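A short worksheet on the structure shown next.
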């Protein structure tokens with residue numbers, strides 16, 4: 047009986063340690079020597095693939111800075127694994143521990159904050175509409191009777207439907223599995239418009255065969271804080287991440303990263319996204335915070 051109790055105690059202690067590591071990335075990294083970064087194949091200049099398992103972008107580079115500080119906290123060199131995620135699976139993969147830090151293009155909103163946590167906002171996005179330059183479409187009202195592409199698992203079409211300018215505008219939704227797939231729907235003529243974060247639209251247009259064939263039009267549908275996502279109750283990584291971002295802002299390094307990824311030619315084709323820092327993003331940098339999208343809507 048004593049042996050069984052001892053065995054049970056050890057099992058409970060082991061499971062407790064495993065549970066602690068499940069939400070404590072610092073402890074998990076210290077024990078395993080590995081950290082897994084969630085990345086996107088086509089999230090504009092925020093996070094995209096160069097092929098052969100290589101990922102780059104504004105958020106990827108910020109995450110690399112966070113991981114450098116995570117290594118210091120873990121007291122060891124960490125192997126960084128890159129895990130491609132989609133709009134549909136990114137939250138479950140963070141929740142179940144497959145991904146430790148998600149470095150894509152995720153909107154911080156109140157619903158998602160029930161399941162995951164976000165680092166301080168690094169990018170404030172404006173949801174817009176991309177169309178073919180010769181389409182004649184210039185506003186939300188002209189989407190009536192049209193086919194509108196968006197990416198599965200994103201909030202963009204919901205945002206469009208809630209916009210007061212879309213009242214009585216009836217359109218057909220077509221879903222792409224990722225942003226490049228959604229842009230292909232527009233490029234191939236299967237969709238008349240692609241509704242998504244402006245930076246993602248700009249990034250996909252810049253990478254298109256003929257960028258001049260497309261343009262971003264219409265009203266700003268919503269303003270959304272985009273942030274790096276981590277597991278809920280992961281206090282250690284939250285502090286490391288927020289401190290890293292605050293230091294990037296304080297030193298002016300975040301401005302350099304913005305210029306590198308949004309204003310200068312970027313690989314693989316040397317194209318420019320050409321997206322200056324918005325006033326909303328500057329305001330988020332001025333007072334670092336992890337406020338959700340709903341707080342922006344109150345303004």
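Residue numbers (my numbering): 47 to 345.
Backbone N, C-alpha and C fix where the C-beta goes; we use that ideal spot for every residue, glycine too.
Bear in mind that the values here come from a model prediction, so they are computed numbers and not experimental data.
Classification of residue i by the beta-carbon crowding that lies within 10 angstroms, buried from 16 upward
i: residue 71; result: buried
i: residue 190; result: exposed
i: residue 233; result: buried
i: residue 64; result: Caution applies to residue 64, whose pLDDT of 45 falls short of 50 and renders its modelled position unreliable; the value that the coordinates give is listed next. Classification for residue 64: exposed.
i: residue 225; result: buried
i: residue 310; result: exposed
i: residue 244; result: buried
i: residue 249; result: buried
i: residue 196; result: buried
Reference residue i, options the options, closest by Cα
i: residue 166; options: 311, 288, 207; result: 288
i: residue 282; options: 112, 106, 185; result: 112
i: residue 291; options: 89, 333, 158, 97; result: 333
i: residue 308; options: 89, 118, 302, 321; result: 321
i: residue 124; options: 331, 73, 182; result: 73
i: residue 181; options: 259, 135, 128; result: 259
i: residue 209; options: 173, 196, 152, 238; result: 173
i: residue 211; options: 158, 265, 254, 160; result: 265
i: residue 160; options: 129, 338, 342; result: 338
i: residue 319; options: 251, 117, 138, 203; result: 251
i: residue 140; options: 134, 297, 148; result: 148
i: residue 203; options: 268, 306, 305; result: 268
i: residue 331; options: 306, 298, 305; result: 298
Under 8 Å between C-beta atoms of residue i and residue j
i: residue 169; j: residue 272; result: yes
i: residue 82; j: residue 145; result: yes
i: residue 220; j: residue 207; result: no
i: residue 84; j: residue 131; result: yes
i: residue 198; j: residue 222; result: yes
i: residue 263; j: residue 184; result: yes
i: residue 156; j: residue 340; result: yes
i: residue 92; j: residue 101; result: no
i: residue 312; j: residue 108; result: no
i: residue 79; j: residue 122; result: yes
i: residue 317; j: residue 253; result: yes
i: residue 99; j: residue 128; result: yes
i: residue 177; j: residue 239; result: yes
Presumed contact (8 Å Cβ cut-off) between residue i and residue j, rounded CB distance
i: residue 241; j: residue 175; result: 5 Å
i: residue 150; j: residue 86; result: 4 Å
i: residue 179; j: residue 261; result: 5 Å
i: residue 285; j: residue 276; result: That pair is no contact at about 11 Å.
i: residue 270; j: residue 153; result: 4 Å
For residue j and residue i, the rounded distance between their alpha carbons
i: residue 193; j: residue 186; result: 12 Å
i: residue 77; j: residue 279; result: 19 Å
i: residue 231; j: residue 257; result: 15 Å
i: residue 227; j: residue 217; result: 19 Å
i: residue 300; j: residue 294; result: 5 Å
i: residue 120; j: residue 213; result: 52 Å
i: residue 52; j: residue 75; result: Reliability of the predicted coordinates at residue 52 is poor, the pLDDT of 49 falling under 50, and the value obtained from them is presented with this limitation in mind. Computed Cα separation, rounded: 29 Å.
i: residue 59; j: residue 116; result: The predicted model places residue 59 with a pLDDT of 43, which falls under 50 and marks its position as unreliable; any figure quoted below should be read in that light. Near 25 Å, if we compare the C-alpha coordinates of residue 116 and residue 59.
i: residue 314; j: residue 255; result: 13 Å
i: residue 69; j: residue 343; result: 31 Å
i: residue 296; j: residue 138; result: 33 Å
i: residue 336; j: residue 323; result: 19 Å
i: residue 229; j: residue 88; result: 10 Å
i: residue 136; j: residue 158; result: 11 Å
i: residue 133; j: residue 118; result: 31 Å
i: residue 215; j: residue 171; result: 24 Å
i: residue 303; j: residue 110; result: 12 Å
Neighbour flag for residue i against chain D, beta carbons, 8 Å
i: residue 113; result: The displayed structure is made up of one protein chain only, and chain D is not part of it.
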